[in-house]
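K.L.:
Pasting a structure below so you can have a look.
Number of protein chains: 4
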Amino acid sequence: MSKLQGIFTPILVPFDERGQINEPELRRFVSWLIDHGVHGLYPNGSSGEFTRFNPAERRRITQIVVEENRGRLPIIAGAAEANVKETLAACEFAAGLGVRAVAIVAPFYYKLTPESVYAYFAEIARNSPIDLTLYNIPMFASPIDVPTIRRLADEFPRVIGIKDSTGDLAFMMRLISQIRPSRPDFTFLTGWEAVLVPMLMIGCDGGTHASSNVVPEVTRRIYDLFRAGNLDAAMKWQYRLLELFDAMLYPFEFPVGFKAGAELRGIHFGIGRLPQTDSQRAEHKNLTNILQCILADFDLVNPPASGCAIRSPEASQPSQAIAQPASKNIGPEHVQQLVHEVLDEMKNRGIL
Amino acid sequence: MSKLQGIFTPILVPFDERGQINEPELRRFVSWLIDHGVHGLYPNGSSGEFTRFNPAERRRITQIVVEENRGRLPIIAGAAEANVKETLAACEFAAGLGVRAVAIVAPFYYKLTPESVYAYFAEIARNSPIDLTLYNIPMFASPIDVPTIRRLADEFPRVIGIKDSTGDLAFMMRLISQIRPSRPDFTFLTGWEAVLVPMLMIGCDGGTHASSNVVPEVTRRIYDLFRAGNLDAAMKWQYRLLELFDAMLYPFEFPVGFKAGAELRGIHFGIGRLPQTDSQRAEHKNLTNILQCILADFDLVNPPASGCAIRSPEASQPSQAIAQPASKNIGPEHVQQLVHEVLDEMKNRGIL
Amino acid sequence: MSKLQGIFTPILVPFDERGQINEPELRRFVSWLIDHGVHGLYPNGSSGEFTRFNPAERRRITQIVVEENRGRLPIIAGAAEANVKETLAACEFAAGLGVRAVAIVAPFYYKLTPESVYAYFAEIARNSPIDLTLYNIPMFASPIDVPTIRRLADEFPRVIGIKDSTGDLAFMMRLISQIRPSRPDFTFLTGWEAVLVPMLMIGCDGGTHASSNVVPEVTRRIYDLFRAGNLDAAMKWQYRLLELFDAMLYPFEFPVGFKAGAELRGIHFGIGRLPQTDSQRAEHKNLTNILQCILADFDLVNPPASGCAIRSPEASQPSQAIAQPASKNIGPEHVQQLVHEVLDEMKNRGIL
Amino acid sequence: MSKLQGIFTPILVPFDERGQINEPELRRFVSWLIDHGVHGLYPNGSSGEFTRFNPAERRRITQIVVEENRGRLPIIAGAAEANVKETLAACEFAAGLGVRAVAIVAPFYYKLTPESVYAYFAEIARNSPIDLTLYNIPMFASPIDVPTIRRLADEFPRVIGIKDSTGDLAFMMRLISQIRPSRPDFTFLTGWEAVLVPMLMIGCDGGTHASSNVVPEVTRRIYDLFRAGNLDAAMKWQYRLLELFDAMLYPFEFPVGFKAGAELRGIHFGIGRLPQTDSQRAEHKNLTNILQCILADFDLVNPPASGCAIRSPEASQPSQAIAQPASKNIGPEHVQQLVHEVLDEMKNRGIL
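Residue numbers (our numbering), protein chains in the order written: chain A, 1 to 352; chain B, 1 to 352; chain C, 1 to 352; chain D, 1 to 352.
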């Protein structure tokens with residue numbers, strides 16, 4: 001089977017008004033992503049809020065994505081369940097659907113030692129009917145360290161790749177230098193689009209990026225420009241992507257900001273499974289306005305009716321990049337709202 | 001309803017040879033715990049490996065514990081599920097069984113802001129048919145900070161307590177000083193038995209302790225000695241409990257060491273859901289020998305056939321406490337094994 | 001020589017209008033502290049901002065304190081310098097002045113391994129002409145772990161104690177249980193007054209507390225009540241001390257809040273060596289008002305002219321303690337200032 | 001004055017047999033570095049162990065470097081002292097010597113808030129007679145965040161650059177995108193040579209690299225290849241540098257491994273100021289053998305007499321890079337030593 005490469009979208013999941021998976025919209029979203037140039041699909045990743053669904057829902061999501069894909073793109077399906085036995089059942093289910101590979105996040109909640117992380121993946125790799133990629137995201141789950149990844153790559157042909165979400169270039173270089181010589185088929189994917197171009201430059205095969213739910217044509221363009229050897233242009237888009245990424249990641253709970261961005265592209269996500277307070281809802285509206293201004297600069301959406309703060313002119317090369325931080329886009333018209341929120345927050349905290 | 005107090009056991013779950021819940025042994029364990037003096041039972045806590053079961057199994061565990069308890073002790077049932085809706089369904093199930101309260105851990109995997117942690121618990125508290133205790137364990141889940149706990153305590157009578165596993169005395173004092181004046185019914189439980197006596201001294205109502213699965217008579221004795229005003233004796237036992245706790249917690253994955261301890265008391269836990277490597281299994285055997293020596297000192301089990309290293313004589317008061325660290329109990333006879341393990345580990349890491 | 005015990009004050013250093021050590025005021029402060037009941041003095045600790053002085057100034061501070069003390073109390077002098085050779089010279093200087101012992105913080109800036117921390121202290125202990133206490137403060141310096149402290153205590157009679165500022169009860173218990181049996185002369189001091197009473201209960205000999213610069217009579221009273229076996233009263237004061245401690249520690253840079261508190265007691269600290277912005281100066285004033293209200297409740301100072309927010313009545317025992325968090329004392333009259341500061345901060349951050 | 005760019009060497013300091021600065025060797029080293037192609041010199045950086053010297057020694061080091069340089073290269077002199085006043089005096093001293101700029105690390109030991117970090121640098125920038133670069137190294141000192149760096153760059157023309165040692169590409173991109181448009185003269189230097197090429201690609205002007213003490217020709221070559229547009233070759237050398245960097249950084253205390261590497265190049269560093277245990281000395285020897293093997297592969301030194309383990313052949317492009325981890329170079333001949341060390345360590349820890 002061919003090696004995994006390119007940009008895989010960890011698909012965000014739309015909900016209906018009852019808080020259930022909105023199947024028609026999810027199908028529409030899958031085709032929209034394919035039409036906008038992503039290289040592959042990745043249901044039940046962190047962006048897909050896999051921990052907020054029950055096992056049956058996770059299977060249903062994979063099934064919908066597979067059906068709607070109709071064989072057009074390779075699919076990596078998140079298959080982590082509560083324990084090895086149920087994870088293996090999810091692997092079998094995914095294999096039955098014909099997906100290309102599964103992705104298994106390291107055990108979370110309990111923080112395991114490297115030896116136990118190895119034992120967990122070894123047990124799965126030994127019994128899986130389908131290729132698997134390791135998923136390293138130490139900010140949420142037990143870390144998978146370099147010796148463990150190498151050990152698994154050396155011992156199990158079924159382990160065909162790593163998705164790493166640390167954004168740590170040197171970590172990825174250590175992996176590539178230790179594993180690629182003996183496993184040229186092994187895939188290295190980054191989950192941190194803030195540094196997608198540098199990751200490609202050190203030899204990564206691609207990435208799985210939450211941002212590709214929102215601007216699939218941009219992540220695709222960056223990848224294509226890099227592969228075409230046009231580094232300067234790739235870096236210019238990388239800087240613009242970073243601005244958008246920061247504005248979707250930091251001010252929101254994850255992955256709410258990415259849903260807000262994709263909503264602006266016309267996908268309807270409904271009300272999520274994470275309860276919000278009134279002050280969060282008001283803040284959400286303001287932050288979404290900022291996203292709309294950034295996306296308007298990409299010529300992908302119209303600017304908000306209330307207008308956007310003046311933004312610096314674009315520079316033509318990375319060394320003069322001018323992407324402004326999201327916070328600079330808060331215009332004077334938002335002061336009132338901000339003060340209001342601050343006072344609310346003070347009340348909430350018992351200060352007033 | 002009466003206020004929760006005393007030592008609640010976060011019940012370890014026995015497995016059968018197929019890796020399923022061993023119901024007869026779980027029932028036997030419940031009664032054994034009751035017979036040995038615990039004040040309450042707490043199924044589906046962290047010690048109960050709740051994340052390694054599926055939703056149906058978690059319900060079954062609660063049901064077994066409730067049935068076997070036959071109304072003898074108050075029960076707090078862990079009821080956290082993948083999202084608010086399913087958590088509320090688990091609360092209803094628990095309420096139907098007649099448990100005293102549920103315990104809900106803060107959302108994990110994703111690390112939420114305090115505002116979202118508030119929103120999550122508020123939504124549950126608003127709709128729960130049963131009293132609930134907050135469960136703060138920041139090493140595994142989103143932290144619940146002091147203002148958030150206070151806010152929830154102020155707004156929702158259904159929120160009747162906090163279980164905090166940080167072991168941070170000052171944190172608990174801040175909670176008590178801010179919440180107890182207006183909510184005298186609110187229960188403060190510590191999950192860190194290393195400092196049970198100091199926690200009782202600052203005003204905690206009790207604790208939920210993994211160690212009470214292993215030495216229920218000791219945690220009970222500490223509690224009783226403290227309530228009887230016999231601080232010196234309570235502290236002496238506290239020092240001994242710390243030695244045991246350290247030996248069960250740090251050298252093992254959690255909660256494997258506690259299962260090893262309870263196994264020595266005659267409960268059969270079977271093979272757990274966490275895969276182990278051969279070197280872990282060998283290490284497990286050695287570490288369990290150390291536990292057996294410590295428990296033999298408590299006169300609760302016989303020493304291992306291979307004997308125990310000489311241990312320092314006990315002192316009669318805290319200021320001369322002599323509990324030795326677990327590592328001191330490794331006798332010369334273990335050198336061979338240790339060197340063997342080190343070499344194995346070096347091989348595993350690719351050094352040899 | 002007698003064992004170190006009781007409350008040692010890590011002396012804050014007053015400055016004159018030129019930013020130099022204000023010697024007369026420092027002398028006055030030393031005698032004020034002695035008159036108010038502290039058991040010992042500790043120049044050049046973290047509260048004494050030892051890193052903000054040059055080596056000559058640090059010696060001068062020790063000299064002034066020794067002179068003014070006139071043999072009344074035991075003195076522990078901070079003696080850490082840039083390297084072992086200069087640290088040993090500082091030890092000799094301190095020995096020449098007749099102080100009881102020196103305190104040496106673990107190397108900072110570079111984070112050393114336990115083996116290097118051991119080597120550092122061993123080299124000093126081997127050559128020091130004076131008894132030395134180890135100073136463990138992992139939030140600022142390389143941590144000194146339990147095996148290292150034990151190793152140093154076992155090998156070097158010159159190492160006579162540990163000052164630990166983690167506030168971790170279990171850590172201190174591990175130290176006491178491992179070291180006290182073979183070194184009954186070894187002193188265990190806590191640097192975290194938030195949990196002074198619990199630390200005394202587990203067997204600590206005393207503490208070195210920044211708060212004792214501000215309320216020496218309170219830290220003394222807590223110590224005396226505990227030693228007299230009056231735990232309930234000790235805990236009641238502990239809760240009140242926690243409120244004050246939190247209000248001096250968290251809202252300020254360290255040790256600025258403690259200087260603000262001692263200033264309210266009539267000691268003049270001048271302008272410190274840490275530059276402040278205008279918004280910090282405004283905030284400082286508000287925070288100091290809160291401190292004044294807390295200290296007024298202790299009947300140690302008059303309340304501020306602007307009055308204090310109503311505070312909850314005191315409860316008579318720890319389990320009903322009612323100390324309110326500092327933030328609750330911000331009355332409606334401070335809203336304007338707060339909003340102003342928020343807007344300033346927004347401007348500073350480029351949001352407005 | 002021209003903008004700072006290229007590779008600046010944070011000079012390691014040789015000691016004589018009395019533990020004093022070895023001036024002749026330091027002079028020889030300066031000229032050796034210049035002869036081997038570095039672009040600039042940086043005395044009193046972290047590699048220069050500035051915290052292990054007293055103020056007079058730090059001045060002397062700068063003076064020696066300036067003298068020996070004889071105007072050949074631009075010099076950035078570390079000038080952080082115990083407080084603002086003394087730091088400004090060091091700035092004046094450096095200015096008097098004619099260095100190009102000073103570098104000021106953020107305050108360390110105490111961890112300051114962003115506002116205080118701002119106030120500290122603002123006070124210095126307001127009064128400094130010489131250009132200054134900010135030095136961000138959050139693993140050792142208070143972090144300097146993006147808004148603070150921007151604020152300082154916006155307000156003070158004297159602040160002409162940042163040296164950031166985090167290795168975080170996205171952090172550097174945020175800085176560049178926010179500051180470069182209005183301050184095209186501002187210099188961005190990375191202190192993390194593990195990712196030098198990616199940092200250059202995103203627009204950095206150069207770096208200050210401990211490794212350039214050891215392989216100045218390699219760091220120069222990487223820089224030149226990148227500037228010449230030969231990215232593939234630059235990345236190939238980057239991978240080789242990473243292997244060396246990892247082998248000098250992680251197994252040693254910093255900067256001991258870099259001194260061991262430069263010693264192999266013929267510079268004599270003497271015994272450092274950090275005491276070592278016997279087991280550290282033995283380990284040092286083994287680790288240095290590994291360094292020698294790596295440097296022999298660079299054709300910069302001869303291999304050790306005992307030979308080197310077989311190393312994988314080099315690949316011709318990053319995507320097939322084959323740099324092996326240092327640990328792979330431990331041959332069977334080292335087993336005996338390792339077992340010995342393990343046993344020693346166990347003894348030290350009290351296990352045997």
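Quick reminder that beta carbons are idealized off the backbone N, C-alpha and C, glycines included.
Check for me: the alpha helix (DSSP H) holding Asn69 (chain C) runs from which residue to which?
P.N.:
Locating residue 69 (chain C) in the third sequence gives position 69, counting from the first residue. From DSSP, the alpha helix (DSSP H) with Asn69 (chain C) extends over Pro55 to Asn69.
K.L.:
Could you tell me whether any Cβ in chain A is nearer than 9 Å to the Cβ of Glu115 (chain D)?
P.N.:
Taking the first residue of the fourth sequence as 1, we reach residue 115 (chain D) at position 115. It does not; no Cβ of chain A falls within 9 Å.
K.L.:
Name the two residues that bound the continuous alpha helix (DSSP H) containing Pro114 (chain D).
P.N.:
As a working mapping, residue 114 (chain D) is identified with position 114 in the fourth sequence. Pro114 (chain D) -> alpha helix (DSSP H) spans Pro114 to Asn127.
K.L.:
Going along the chain, which residues of the segment 193–215 of chain D sit with their C-beta nearer than 7 Å to a C-beta in chain A?
P.N.:
Correct list: Ala194, Val195, Pro198, Met201, Ile202 and Gly203.
K.L.:
Find the residues of chain A that neighbour Phe108 (chain B), judging by a C-beta separation of less than 9 Å, and give them in chain order.
P.N.:
Counted from its first residue, the second sequence places residue 108 (chain B) at position 108. By Cβ distance, chain A contributes Thr51, Phe108, Tyr109 and Phe140.
K.L.:
Going along chain A, which residues have a C-beta under 7 Å from Ala170 (chain D)?
P.N.:
Your numbering for residue 170 (chain D) matches position 170 in the fourth sequence. Here the neighbours are Gly167, Ala194, Val195 and Leu242.
K.L.:
May I ask which residues mark the beginning and end of the beta strand (DSSP E) holding Gly161 (chain A)?
P.N.:
On the first sequence, position 161 is the one that residue 161 (chain A) refers to. Gly161 (chain A) -> beta strand (DSSP E) spans Val159 to Asp164.
K.L.:
Within a Cβ cutoff of 7 Å, which residues of the same chain sit near Ile271 (chain D), ignoring the five residues on either side of it in sequence?
P.N.:
The count along the fourth sequence starts at 1 and reaches residue 271 (chain D) at position 271. Around Ile271 (chain D): Phe15 and Gly19.
K.L.:
So, is the C-beta of Leu112 (chain A) closer than 9 Å to a C-beta in chain B?
P.N.:
Within the first sequence, numbered from 1, the residue matching residue 112 (chain A) stands at position 112. Closer than 9 Å to some Cβ of chain B, the Cβ of Leu112 (chain A) qualifies, so yes.
K.L.:
Give the interface partners of Gly239 (chain D) over in chain A, defined as CB-CB distance under 7 Å, in chain order.
P.N.:
Here the question's residue 239 (chain D) lines up with position 239 in the fourth sequence. It should be noted that the sequence gives Tyr, not Gly, for residue 239 (chain D). In chain order: Met173 and Ser177.
K.L.:
Could you round the C-beta distance between His39 (chain B) and Glu217 (chain B) to whole angstroms and report it? I think they count as a contact, below 8 Å.
P.N.:
Residue numbering aside, residue 39 (chain B) sits at position 39 when the second sequence is read from its first letter. Residue numbering aside, residue 217 (chain B) sits at position 217 when the second sequence is read from its first letter. Contact doesn't hold; Cβ gap of about 12 Å is too wide.
K.L.:
DSSP has Pro251 (chain C) in a bridge; who is on the other side?
P.N.:
Position 251 of the third sequence, counted from the start, is the residue given in the question as residue 251 (chain C). DSSP output for Pro251 (chain C) lists no bridge partner at all.
K.L.:
Please classify Met1 (chain A): is it buried, with 16 or more other beta-carbons within 10 angstroms of its beta-carbon, or exposed?
P.N.:
Numbered from 1 along the first sequence, position 1 holds the residue referred to as residue 1 (chain A). By the 10 Å Cβ count, Met1 (chain A) comes out exposed.
K.L.:
Under 9 Å, do Pro143 (chain D) and Asn136 (chain D) count as touching if we go by C-beta distance?
P.N.:
As a working mapping, residue 143 (chain D) is identified with position 143 in the fourth sequence. As a working mapping, residue 136 (chain D) is identified with position 136 in the fourth sequence. Yes, they are a contact pair.
K.L.:
What span of residues does the alpha helix (DSSP H) with Thr219 (chain D) cover, start to end?
P.N.:
Along the fourth sequence, one-based indexing puts residue 219 (chain D) at 219. Per DSSP, Thr219 (chain D) belongs to the alpha helix (DSSP H) from Pro216 to Arg227.
K.L.:
Need the endpoints of the alpha helix (DSSP H) that Ile130 (chain B) sits in, please.
P.N.:
Taking the second sequence and counting its residues from 1, one reaches residue 130 (chain B) at position 130. It is not in any alpha helix (DSSP H) - Ile130 (chain B) carries neither H nor E in the DSSP assignment.
K.L.:
Which of the three DSSP states is assigned to Pro147 (chain C) in this structure?
P.N.:
On the third sequence, position 147 is the one that residue 147 (chain C) refers to. Three-state DSSP puts Pro147 (chain C) in a helix.
K.L.:
If you draw a straight line from the alpha carbon of Pro304 (chain A) to that of Lys259 (chain A), how long is it in whole angstroms?
P.N.:
What you label residue 304 (chain A) is simply residue 304 of the first sequence in a count that begins at 1. What you label residue 259 (chain A) is simply residue 259 of the first sequence in a count that begins at 1. Rounded to whole angstroms, Pro304 (chain A) to Lys259 (chain A) spans 17 Å at the Cα level.
K.L.:
Does Pro275 (chain B) have its Cβ less than 9 Å from a Cβ in chain A?
P.N.:
Reading the second sequence from its first residue, position 275 is the one you call residue 275 (chain B). It does: the Cβ of Pro275 (chain B) has a partner Cβ on chain A nearer than 9 Å.
K.L.:
Beta-carbon of Ala326 (chain A) versus every beta-carbon of chain B: anything under 9 Å?
P.N.:
Within the first sequence, numbered from 1, the residue matching residue 326 (chain A) stands at position 326. Summary for Ala326 (chain A): the model assigns pLDDT 30, below 50, so the residue's position carries little reliability, and this model does not support an answer.
K.L.:
I'd like to confirm the pairing. Which residues does DSSP put opposite Leu41 (chain C) in its beta bridges?
P.N.:
As a working note, residue 41 (chain C) is residue 41 in the third sequence. DSSP output for Leu41 (chain C) lists C:Thr9 and C:Ile75 as bridge partner(s).
K.L.:
Please list, in chain order, all residues of the same chain as Phe226 (chain A) whose beta carbon is under 7 Å from its beta carbon, the five residues on each side excluded.
P.N.:
Taking the first sequence and counting its residues from 1, the one referred to as residue 226 (chain A) is at position 226. Once the five neighbours on either side are set aside, the close Cβ partners of Phe226 (chain A) are Val197, Leu200 and Ala234.
K.L.:
Are the CB atoms of Arg240 (chain B) and Phe298 (chain B) within a distance shorter than 9 Å?
P.N.:
Within the second sequence, numbered from 1, the residue matching residue 298 (chain B) stands at position 298. Within the second sequence, numbered from 1, the residue matching residue 240 (chain B) stands at position 240. Closer than 9 Å, so yes.
K.L.:
If the criterion is Cβ atoms closer than 9 Å, does the pair Val84 (chain D) and Glu123 (chain D) meet it?
P.N.:
The residue given as residue 84 (chain D) occupies position 84 in the fourth sequence. The residue given as residue 123 (chain D) occupies position 123 in the fourth sequence. Yes. Within cutoff.
K.L.:
Taking all protein chains shown into account, do 16 or more other C-beta atoms lie within 10 angstroms of the C-beta of Glu67 (chain A), making it buried, or fewer, making it exposed?
P.N.:
The residue labelled residue 67 (chain A) in the question sits at position 67 within the first sequence. The residue is exposed, with fewer than 16 neighbouring Cβ atoms inside 10 Å.
K.L.:
Please list the terminal residues of the continuous beta strand (DSSP E) segment that includes Val84 (chain A).
P.N.:
By 1-based counting over the first sequence, the position of residue 84 (chain A) is 84. That residue, Val84 (chain A), is in no beta strand (DSSP E); its alpha helix (DSSP H) goes Val84 to Leu97.
K.L.:
With a threshold of 9 Å between beta-carbons, can Pro55 (chain B) be considered close to chain A, or not?
P.N.:
Translated into positions along the second sequence, residue 55 (chain B) becomes position 55. Yes - at least one Cβ of chain A is within 9 Å of the one on Pro55 (chain B).
K.L.:
Cβ closer than 7 Å: which chain C residues qualify as neighbours of Met235 (chain B)?
P.N.:
Translated into the one-based positions of the second sequence, residue 235 (chain B) becomes position 235. The answer, in chain order, is Met201 and Ile202.
K.L.:
Taking 9 Å as the CB-CB limit, is Asn83 (chain B) close to chain A?
P.N.:
In the second sequence, residue 83 (chain B) corresponds to position 83, counting from 1. Yes - at least one Cβ of chain A is within 9 Å of the one on Asn83 (chain B).
K.L.:
Can you give me, in chain order, the residues of the segment 243–272 of chain C that have a beta carbon less than 8 Å from any beta carbon in chain D?
P.N.:
Listed in sequence order: Glu253 and Phe254.
K.L.:
According to the neighbour-count rule (16 or more other Cβ atoms, all chains shown, within 10 Å of its Cβ), is Asn302 (chain C) buried or exposed?
P.N.:
For the purposes of this step, residue 302 (chain C) is taken as residue 302 along the third sequence, with counting starting at 1. The residue in question, Asn302 (chain C), is exposed, as its Cβ has fewer than 16 Cβ neighbours within 10 Å.
K.L.:
Does the beta-carbon distance from Ile162 (chain D) to Phe140 (chain D) come in below 9 Å?
P.N.:
Residue 162 (chain D) sits at position 162 when you count from the first residue of the fourth sequence. Residue 140 (chain D) sits at position 140 when you count from the first residue of the fourth sequence. Contact flag unset, no.
K.L.:
Is there a Cβ of chain B sitting closer than 9 Å to that of Glu123 (chain A), yes or no?
P.N.:
Within the first sequence, residue 123 (chain A) is the residue found at index 123, counting from 1. Closer than 9 Å to some Cβ of chain B, the Cβ of Glu123 (chain A) qualifies, so yes.
K.L.:
So which residues on chain C does Ala119 (chain D) lean against when the C-beta distance must stay under 8 Å?
P.N.:
The residue given as residue 119 (chain D) occupies position 119 in the fourth sequence. Result: Leu274, Pro275, Gln276, Thr277 and Gln280.
K.L.:
Taking Cβ-Cβ distances below 8 Å as the criterion, which residues of the segment 10–30 of chain A are in contact with chain B?
P.N.:
Answer set for the segment 10–30 of chain A: Gly19.
K.L.:
Quick check: what's the CA-CA separation for Ala194 (chain D) versus Gln238 (chain D)?
P.N.:
As a position in the fourth sequence, residue 194 (chain D) is number 194, starting the count at 1. As a position in the fourth sequence, residue 238 (chain D) is number 238, starting the count at 1. Cα to Cα, the separation comes out at about 7 Å.
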